[in-house]
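Trainee:
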Ligand code: SF4
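Residue numbers (the numbering used here): 289 to 640.
(1) Apart from the five residues just before and just after residue 478, which ones in its own chain have a Cβ nearer than 8 angstroms to its Cβ?
(2) Using only alpha-carbon positions, find the residue among 523, 528 and 550 that is nearest to residue 512.
(3) With 16 as the cutoff for other CB atoms within 10 Å, does residue 598 come out buried or exposed?
(4) CB residue 544 to CB residue 586, shorter than 8 angstroms?
(5) Could you check if residue 347 is buried or exposed, using at least 16 other CB atoms within 10 Å of its CB as the buried criterion?
(6) Per DSSP, what kind of secondary structure is residue 574 in: helix, strand or coil?
(7) Apart from the five residues just before and just after residue 331, which ones in its own chain have a Cβ nearer than 6 angstroms to its Cβ?
(8) Kindly confirm or deny that the region 568–579 and the region 589–596 touch, where touching means at least three C-beta pairs closer than 8 angstroms.
(9) Taking 7 angstroms as the line, does the beta carbon of residue 616 fall inside it for any heavy atom of the ligand SF4?
(10) Do residue 527 and residue 326 have their beta-carbon atoms positioned less than 8 angstroms apart in this structure?
(11) Any heavy atom of the ligand SF4 closer than 7 angstroms to the Cβ of residue 549?
(12) With H, G and I counted as helix, E and B as strand and the rest as coil, what does DSSP make of residue 392?
(13) Using 7 angstroms as the cut-off, classify the Cβ of residue 543 as near or not near the heavy atoms of the ligand SF4, replying yes or no.
(14) State the Cα-Cα distance for the pair residue 352 and residue 502, rounded to the nearest angstrom.
(15) I want to see whether chain D comes within less than 8 angstroms of residue 341, judged by CB atoms only; does it?
(16) According to DSSP, is residue 371 helix, strand or coil?
(17) Looking only at its chain, what residues have a beta carbon closer than 7 angstroms to the beta carbon of residue 328, apart from the 5 residues adjacent to it on each side?
(18) Applying the criterion that 16 or more other CB atoms from any shown protein chain within 10 Å of the CB defines a buried residue, is residue 421 buried or exposed?
(19) Using 7 angstroms as the cut-off, classify the Cβ of residue 313 as near or not near the heavy atoms of the ligand SF4, replying yes or no.
(20) Can you look up residue 600 in the DSSP assignment and give me helix, strand or coil?
(21) Quick check on this structure: which residue in 519, 604, 605 and 589 has the alpha carbon closest to the alpha carbon of residue 627?
(22) For residue 474, name the three-state secondary structure that DSSP assigns.
(23) Taking just the CA atoms, how far does residue 619 sit from residue 482?
(24) At which residues does the beta strand (DSSP E) containing residue 532 begin and terminate?
(25) For residue 540, tell me which candidate among 485, 573 and 604 has the shortest Cα-Cα distance.
(26) Please work out which residues of its chain come closer than 7 angstroms, Cβ to Cβ, to residue 427, disregarding the five sequence neighbours upstream and downstream, and give them in chain order.
(27) Using a 10 Å radius around the Cβ and a threshold of 16 neighbouring Cβ atoms, would you call residue 296 buried or exposed?
(28) From the DSSP output, which residues share a beta bridge with residue 328?
(29) Since residue 503 is in the beta strand (DSSP E), which residue starts that stretch and which ends it?
(30) In the DSSP output, what is residue 605 paired with across the bridge?
(31) If you follow the alpha helix (DSSP H) that residue 482 is in, where does it begin and where does it stop?
(32) Leaving out five residues on either side along the sequence, give the residues of the same chain with a beta carbon under 6 angstroms from the beta carbon of residue 355.
(33) Identify which residue in 462, 339, 400 and 386 has its Cα closest to the Cα of residue 446.
(34) Thinking just about the alpha-carbon of each residue, which of 457, 494 and 496 is nearest to the one in residue 252?
(35) Any chance the region 435–442 sits against the region 366–386, with 3 or more Cβ pairs inside 8 angstroms?
(36) Who are the near neighbours of residue 629 in its chain, counting only those whose CB is closer than 6 angstroms to its CB and skipping five residues on each side?
This is the structure we're talking about:
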C-alpha cells in the first residue's frame, strides 16, 4: 500500500507495543537475550516534535531504528497515517520515502569522496525522477530550506570543506529530498560544538512548523528536549517510564528517574533545589532487574517495586508515569519511602 495524504487527527507515525529482543552468545554460558525495547507505544503527530530522552543504554536508539525499520521488531506494529505498515518491497520503499533518519554523526553520514551536489541529486533522481536543470534547481532549493545560503556557495563543496553544523544541515537536506512526513533525528547535535547546536535545533523547529514534519528528537539531554519538544517520552532500561507535555514533565516530573535526569541537567530557569541524587548505574539489559527496573537506583523504592512492574498511571493532564508511588493503593507505603529517602537527602517523592 502506498500511503496517501495525511488524515485529520491521525498521527503521521504511530508505534504500538514495539518490543525488540536481541539474541546474543555469552561464550560458555550459552545464549542470552538483550531486552532492548519493551512494549513501547508512541504517536508522532504532524507539525510536532516528540523528544525521547534517556541515558546511554535506555533503548532510545533502538527505538529510532525500529521506527525506521532498520531492524525488525520482535513484536508490535507501526502505523503510517493510521494504516499498518506492510512488508512488501513496494511498501518498504514507500515507507522509506515517508520516514527519514538523521544520524548522530554528520562526519560519517556523508561520503567524503562525493560533493554536496551528489548527496542531494542522488535521492532526487531515485525518488522523484528529477533530471537535467530541474536537478540543479531542486538541489539549490534543498540547501535554501536548511539555510545554507547562497546555495551556489555550498553545492560543489566536499564534506571536509564544511563545518560539523553545515554537514548536519546537508544530511537533513538530503533527507528532505524524498519529501518525508516524519524525520527521526537520533542525537543530531551531540557531536557538534556547543556553539552550533542551537542553530541545528532551531532548524528542526523551523522544519516542524514550515514543513509540518512530525519529528522524533532522540537525546540524552533533557534540557534541549524542553527547549525543542512539544512532548517528552522518558526511557529507562528499554522501557518508557514517563511521558507528557514537555514543559509539564520538566516542571513537574512524576517519575524518580525523570527527576534524576533533570537534576543532572542544570536549568537556570528552574528554581528550587536539586530534586534527586543519582546512585548506581543503568542495569544490564541481558538480565534486567525484576519489578520496576529502576528500583536498585531509586531512593523511594518500596518492597512492591522489586516484586511487580508498576502500571502506567496518570500523573497530571496528559502526563503518565510507570511508578508505584502514583498508585492510590500505596499512599502509606509511599509516604514511608519518602520519609526514608528524605533522610537520605532526596526531596519529596513524586506522588506527594
Ligand atoms: Fe520504580 Fe518504585 Fe522507584 Fe517508582 S518508587 S520508580 S516503582 S522503584
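The beta carbon of each residue, even a glycine, is placed where N, CA and C say it ideally should be.
Mentor: Let me lay it out:
(1) Translated into the one-based positions of the chain shown, residue 478 becomes position 190. Within the same chain, and ignoring the five residues on either side of residue 478 in sequence, the residues whose Cβ sits closer than 8 angstroms to its Cβ are 392, 507, 508 and 509.
(2) Mapped onto the chain shown, residue 512 falls at position 224. Considering only alpha carbons, the answer is 550.
(3) Counting from one through the chain shown, the residue named residue 598 turns up at place 310. Its Cβ being crowded by 16 or more others within 10 Å, residue 598 is buried.
(4) The residue you call residue 544 lines up with position 256 of the chain shown. The residue you call residue 586 lines up with position 298 of the chain shown. In this structure, residue 586 lies closer than 8 angstroms to residue 544 by Cβ.
(5) Taking the chain shown and counting its residues from 1, the one referred to as residue 347 is at position 59. Under this definition residue 347 is a buried residue.
(6) One-based indexing of the chain shown puts residue 574 at position 286. Coil at residue 574, not helix or strand.
(7) Here residue 331 is taken as the residue at index 43 of the chain shown, counted from 1. Here the set comprises 299 and 302.
(8) yes
(9) Counting from one through the chain shown, the residue named residue 616 turns up at place 328. Checking every heavy atom of the ligand SF4 against the Cβ of residue 616, none is found closer than 7 angstroms.
(10) Position 38 of the chain shown, counted from the first residue, corresponds to residue 326. Position 239 of the chain shown, counted from the first residue, corresponds to residue 527. In this structure, residue 527 lies closer than 8 angstroms to residue 326 by Cβ.
(11) Taking the chain shown and counting its residues from 1, one reaches residue 549 at position 261. No, Cβ of residue 549 sits at least 7 angstroms from all heavy atoms of the ligand SF4.
(12) Locating residue 392 in the chain shown gives position 104, where the first residue counts as 1. Correct three-state label for residue 392: coil.
(13) For the purposes of this step, residue 543 is taken as residue 255 along the chain shown, with counting starting at 1. True, at least one ligand heavy atom lies under 7 angstroms from that Cβ.
(14) Along the chain shown, one-based indexing puts residue 352 at 64. Along the chain shown, one-based indexing puts residue 502 at 214. The alpha-carbon atoms of residue 352 and residue 502 are separated by roughly 13 angstroms.
(15) Among the chains in the structure shown there is no chain D, since it carries only a single protein chain.
(16) As a first step, residue 371 is located in the chain shown; it is residue number 83 there, counting from the start. The DSSP-derived three-state label of residue 371 is strand.
(17) One-based indexing of the chain shown puts residue 328 at position 40. If we look at residue 328 and ignore the five residues flanking it on each side, its Cβ neighbours are 303, 306, 351 and 528.
(18) Within the chain shown, numbered from 1, the residue matching residue 421 stands at position 133. Flag for residue 421 reads exposed.
(19) For the purposes of this step, residue 313 is taken as the residue at position 25 of the chain shown. Every heavy atom of the ligand SF4 is 7 angstroms or more from the Cβ of residue 313, so no.
(20) Within the chain shown, numbered from 1, the residue matching residue 600 stands at position 312. Here residue 600 sits in strand by DSSP.
(21) Taking the chain shown and counting its residues from 1, one reaches residue 627 at position 339. Checking every option, the nearest Cα to that of residue 627 belongs to 589.
(22) In the chain shown, the residue the question calls residue 474 occupies position 186. Of the three classes helix, strand and coil, the one that applies to residue 474 here is strand, per DSSP.
(23) Locating residue 482 in the chain shown gives position 194, where the first residue counts as 1. Locating residue 619 in the chain shown gives position 331, where the first residue counts as 1. Their Cα atoms are separated by approximately 44 angstroms.
(24) As a first step, residue 532 is located in the chain shown; it is residue number 244 there, counting from the start. Unbroken beta strand (DSSP E) run through residue 532: 527–533.
(25) If you number the chain shown from 1, residue 540 lands on position 252. The residue with the shortest Cα to Cα distance from residue 540 is 604.
(26) Counting from one through the chain shown, the residue named residue 427 turns up at place 139. Result list for residue 427: 405, 408, 409, 412 and 443, in chain order.
(27) For the purposes of this step, residue 296 is taken as residue 8 along the chain shown, with counting starting at 1. Result: exposed.
(28) The residue labelled residue 328 in the question sits at position 40 within the chain shown. BP columns for residue 328 point to 306.
(29) For the purposes of this step, residue 503 is identified with residue 215 of the chain shown, where counting begins at 1. Unbroken beta strand (DSSP E) run through residue 503: 502–507.
(30) Translated into the one-based positions of the chain shown, residue 605 becomes position 317. Looking at the DSSP output, residue 605 shares a beta bridge with no other residue.
(31) Against the chain shown, residue 482 aligns to sequence position 194. Residue 482 -> alpha helix (DSSP H) spans 482–498.
(32) Walking along the chain shown from the start, residue 355 turns up at place 67. 472, listed in sequence order.
(33) Along the chain shown, one-based indexing puts residue 446 at 158. Minimum Cα distance to residue 446 is reached at 400.
(34) Here the chain has residues from 289 to 640 only, and residue 252 is not among them.
(35) no
(36) For the purposes of this step, residue 629 is taken as the residue at position 341 of the chain shown. 587 and 588.
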